[in-house]
Amino acid sequence: MGSVIPAVDLKAKGDAAVTINIRCAGPDVLDEALRSGREQLLALFDGFERALGSEGLHVAFDPVLNLPLWELGHIGWFEEHWLSRSTDWRRGLAFDSALPRSASVLAGADGLYDSFNVPHRQRWQLALPSVGATRDYLATVRHATHALLQQSGHRDDELYFFRLVLMHEDMHREAWHFIAQQLGIDLGPAMNGRSPKASNLQGEMQVAAGRYQLGSQGPGFAFDNELHAHTMELDDFSIDRSPVSWARFLPFIESGGYASERFWSAAGWSWLTRETRTCPLHVRRAEGGWQQCRFGVWGPLDLNAPALHLSAYEAEAWCLWAGRRLPTEGEWETAALQAADRREPFEWGQVWEWTASPFMPYAGFEPHPYRDYSQPWFDGRPVLRGASFATDPRLKHPRYRNFFPADRHDVFAGFRSCAP
67 MGSVIPAVDL KAKGDAAVTI NIRCAGPDVL DEALRSGREQ LLALFDGFER ALGSEGLHVA
127 FDPVLNLPLW ELGHIGWFEE HWLSRSTDWR RGLAFDSALP RSASVLAGAD GLYDSFNVPH
187 RQRWQLALPS VGATRDYLAT VRHATHALLQ QSGHRDDELY FFRLVLMHED MHREAWHFIA
247 QQLGIDLGPA MNGRSPKASN LQGEMQVAAG RYQLGSQGPG FAFDNELHAH TMELDDFSID
307 RSPVSWARFL PFIESGGYAS ERFWSAAGWS WLTRETRTCP LHVRRAEGGW QQCRFGVWGP
367 LDLNAPALHL SAYEAEAWCL WAGRRLPTEG EWETAALQAA DRREPFEWGQ VWEWTASPFM
427 PYAGFEPHPY RDYSQPWFDG RPVLRGASFA TDPRLKHPRY RNFFPADRHD VFAGFRSCAP
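According to our numbering, the sequence shown is numbered sequentially starting from 67.
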């Protein structure tokens, strides 16, 4: 990635940024990361078992979230699919998808856990293996993974799938925080947090007009949608140094913003009326002031914390009301990298941040072996940048592109704004 930009974690050690560069990690670092990540994964799953019971972990159907037990098995399947069942894992991006794979150690695993071929609704109807059998499956697969890692060298190609498997598991651990929040349950001490940190940082960062690089290049791991770095022309712009806080967002609600169609796009107003919302998800007005529900517990809303559980439509509506706009992903990335270079304050990593950019491939895009990661989703849904408090620190990276449909408000998402 040129000069390699590490991930930035703004929560691990007080207010000090901690650099973690798993994208260039060698076998020893990856081995330890796989072990610690799995320990946290299983501890989170213990939390689901405590809250839901181990006999099936019954959860009512949800159109966007997965059953925890299905997701646990899928994590093992994904790892086995790309590593121990493959004869070509050493070749990384040159992986030959036409080569046959060996059979899974779990009979019928492909029919249960292949996320692209098993429709979402069908996952709730499957006869899944028991919790014990699923845990055993993950343990068997992970033992094989560690054995393969001991055979690996230090080249990026040889380590590509180990890095992918690790970060895939990190993503699912964050998704489990989404699920727990929706269900109103606490998963215990293994959680990465329960709310974004409050901040007193205010003001805007000025970025001069110029030519800037967007995207990743060079050694180390990168997701396919980040690659093919290219130059873009930007006009000068002014961008918030931190995401929009509740102190800035609440006046929009209190002034009738959720009842005023003029602040909403046609799609946004249609979503709002369908959802019958008068304020963001997991927020309510009480006698003593505004409250927020975090993992089943209602408490006072921290006005200095970033507003979250916002759809892209809500972010856009606030911007129109405030005379602001959402940044493009190019503006966001440029500001984040420039601030890091200049050691200027630019806080990110507590909430995912909606941008004005649709999720589209960069020119020259080529899908990586895991073809379903990006390519099926180039449908115009918005890009989100940054990370949330529940994102594993090693996954945080200023060039990382997240993407969700504009109506998703179960995600730990907020936004920052730019001057018009």
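In this text, a Cβ means the ideal position worked out from N, Cα and C, and glycines have one as well.
Check whether the region 447-459 touches the region 270-281, counting contact only when three or more Cβ pairs, one atom from each stretch, lie closer than 8 Å.
no
Just to confirm, is the Cβ distance from residue 189 to residue 136 under 8 Å?
yes
Exposed unless 16 or more other CB atoms sit within 10 angstroms - verdict on residue 182:
exposed
Counting Cβ pairs, one atom from each stretch, are 3 or more of them under 8 Å apart for the region 166-180 and the region 197-213?
yes
Find out if the Cβ-Cβ distance for the pair residue 394, residue 421 is shorter than 8 Å.
yes
So the alpha helix (DSSP H) residue 245 belongs to, where does it begin and stop?
222-249
Helix, strand or coil for residue 299 per DSSP?
strand
Between the C-alpha atoms of residue 347 and residue 127, what's the straight-line distance to the nearest angstrom?
19 Å
Where the beta strand (DSSP E) containing residue 359 begins and where it ends
355-360
Rounding to the nearest angstrom, what Cα-Cα distance links residue 486 and residue 388 in this structure?
10 Å
What are the partner residues of residue 419, as DSSP defines its beta bridges?
451, 480
In DSSP terms, what residue 278 is bridged to
298
So, is residue 101 buried or exposed, given that buried needs 16 or more other C-beta atoms within 10 angstroms?
exposed
Local Cβ density within 10 Å of residue 150, reported as buried at 16 or more and exposed below that:
buried
Cα-Cα separation, residue 75 to residue 482:
Legend: pLDDT at residue 75 = 39, less than 50; position of this residue unreliable, value from coordinates given subsequently. Going by the C-alpha atoms only, they are around 18 Å apart.
Among 460, 423, 438, whose alpha-carbon lies nearest the alpha-carbon of residue 472?
423
Determine the direct distance from the alpha carbon of residue 381 to that of residue 349, and round the result to whole angstroms.
15 Å
Could you say if the region 283-301 and the region 327-343 meet the contact criterion of at least three C-beta pairs nearer than 8 Å?
no
Could you pull out every residue in the same chain whose Cβ sits closer than 8 Å to the Cβ of residue 96, ignoring the five residues on either side in sequence?
88, 215, 225, 228, 229, 232
According to the Cβ coordinates, are residue 290 and residue 433 closer than 8 Å?
yes
Closest by C-alpha distance to residue 98, when choosing among 208, 109, 356:
208
Going by other Cβ atoms of all chains shown within 10 Å of its Cβ, with 16 needed for buried, is residue 416 buried or exposed?
buried
List the residues that DSSP assigns as beta-bridge partners of residue 271.
305
Proximity of residue 371 and residue 414 at Cβ, strictly below 8 Å:
no
Provide the residue span of the alpha helix (DSSP H) that contains residue 393, from first to last.
Where residue 393 is concerned, there is no enclosing alpha helix (DSSP H), given that its DSSP letter is neither H nor E.
Going by C-alpha distance, which of 321, 113, 437, 292 is nearest residue 451?
292
According to DSSP, simplified to helix, strand and coil, what is residue 158?
helix
Once the 5 residues before and after residue 134 are set aside, which same chain residues still bring their CB inside 8 Å of it?
111, 114, 118, 123, 125, 242, 245
So residue 201 is in the alpha helix (DSSP H); what residue range does that whole segment cover?
197-217
Same chain only: Cβ atoms within 7 Å of residue 366, ignoring 5 sequence neighbours per side
355, 357
How about residue 284 and residue 294: are their beta carbons less than 8 Å apart?
no
State the Cα-Cα distance for the pair residue 237 and residue 324, rounded to the nearest angstrom.
32 Å
Where does the unbroken beta strand (DSSP E) through residue 364 begin, and where does it stop?
363-366
Distance CB(residue 107)-CB(residue 239) smaller than 8 Å
yes
Starting from residue 352 and walking both ways along the beta strand (DSSP E), at which residues does that stretch end?
349-352
Under DSSP, the alpha helix (DSSP H) around residue 130 begins and ends at which residues?
Run containing residue 130: none; DSSP gives neither H nor E here.
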